[in-house]
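Take a look at the structure set out below.
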Amino acid sequence: MNLKKLREAEAQFFAKYPEGWESPELMAIGKKHNMEKIVAFTQASFAKDQFNNPDLIVDNMAKLVSKSTMVSLFEKPKFKDFTRFIAVEAKDGLSHGLYEFLHGNQPVGFEMMVEILEQMSLAKWTLVTVFGAYYSPEVELFIKPTTTKNVLTYFEIRDLIYNPKPNWEFYQKYRDYINELKDKADKRLFTSNAAFLGFLMMTCL
């Protein structure tokens, strides 16, 4: 990993936005994302005690995808249709997979969600990672393909190969790299993982 590039990215960011995330332009963008409200909805909807009702969990997954500004407009209706017509067994599996990812065995939960979403060609990085990104915004990552590939190229991370199909091994290693960057970065850049990845998206082109 080329950490010299991190210093360059920081300089570029603060040259354009001297006040960091407090800059009026970035605060206006932040308001559009409505992060606080969606995080509150996600944490209430997917708390441990909510998972005794798979129907409600899957309904709330659809609501979250619909609310999220990070998920593309192209993916939103497809995911909503999927949750409306999903079989009972798949609904139970999707709910259980999300529970394991958020509260239990993360690798198992991640791969369960991928397996079920893959049945309808919806195993996208964005749709698999959006739930954790809002539930644990300081821990989990929202994987946006273009940003992710740019980060790997910009920081010369050569031992991690992006694959369009989500998989736990990549997610875990990429999260480790992002945590390393966060540890080395100016602390003003970090208000959440989404904000830090936003900084990377704006600078690692």
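In the numbering used here, the protein residues as written are 596 to 800.
Cβ atoms here follow ideal geometry from the backbone N, Cα and C, with glycine treated the same way.
These figures come from a predicted structure and were not determined experimentally.
By the Cβ criterion, the segment 599-614 is not in contact with the segment 651-662, since fewer than three pairs of Cβ atoms, one from each stretch, lie closer than 8 Å. For A790, the three-state secondary structure derived from DSSP is helix.
Excluding five sequence positions before and after A790, the CB atoms of its chain that fall closer than 7 Å to its own CB belong to W616, given in chain order.
It is roughly 35 Å from the alpha-carbon of E684 to the alpha-carbon of S787. In the structure shown, S731 falls within a coil segment according to DSSP collapsed to helix, strand and coil. Apart from sequence neighbours up to five positions away, the residues of its chain that approach S640 with a beta-carbon distance below 6 Å are N655, ordered along the chain. In this structure, the alpha-carbon of N774 lies about 36 Å from that of I681. In this structure, the CA atom of E713 is about 20 Å from the CA atom of N700. Per DSSP, R602 is one residue of the alpha helix (DSSP H) stretching across K599 to K611.
When the Cα atoms are used, Y749 and P613 turn out to be separated by approximately 23 Å. For L717, no alpha helix (DSSP H) run applies, since DSSP gives it neither H nor E.
The closest CA to that of L598, considering only E751, T798, F794 and Q767, is found on E751. Of the residues assessed, L668 falls on the exposed side of the cut-off, its CB having fewer than 16 other CB atoms within 10 angstroms.
Restricting attention to F636, F794 and K719, the CA atom closest to the CA of V746 is found in F794. Judged by DSSP secondary structure, R770 falls within the alpha helix (DSSP H) whose first and last residues are W763 to K779.
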